[in-house]
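For what it's worth, our numbering labels the leading residue of the sequence shown as 1462, then goes sequentially.
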Amino acid sequence: MNGPATQLRRDAAIRLVQMTRGGSRAAAARYLGITLGSLQSATVTIRAWQKMPGNADAYQDALQRIAEIAAATEAPSSTRLTAPDEMTVGP
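Here is the structure:
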């Protein structure tokens, strides 16, 4: 995609969190540690970019493909969450 790379990455991360956790854009940004100012800046930039022909559809398709890949890929055991009843305390 030929767009604002930093804002696209930030917005994509926010939207992917929304897809998995639900909630608002602000809640997803907080979850990721993204400030409200950065969220607003990315939103304004991305919305303007999406108004150009084909960008909105291409972006949505790319997000959907990323979500499908992430859902099909098993997380490494070092990052996988452990159920509370399976947790142990080390020495």
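Beta carbons: idealized from backbone N, C-alpha and C, even for Gly.
Check, Outcome
"Taking one C-beta from the region 1489-1497 and one from the region 1510-1528 each time, how about it: are there three or more such pairs within less than 8 Å?", "no"
"Considering only the beta carbon of each residue, do Ile1527 and Leu1477 sit closer than 8 Å?", "yes"
"Just the Cα atoms here: how many angstroms apart are Leu1524 and Met1480?", "10 Å"
"Looking at the structure shown, is Gly1498 part of a helix, part of a strand, or coil, going by DSSP?", "helix"
"If you check the beta carbons only, do Ile1475 and Leu1497 fall under 8 Å apart?", "no"
"So, helix, strand or coil for Asn1516, using DSSP?", "helix"
"Measure from the alpha carbon of Arg1471 to the alpha carbon of each residue in Ala1533, Gly1515, Ala1503 and Pro1514, then state which is nearest.", "Ala1503"
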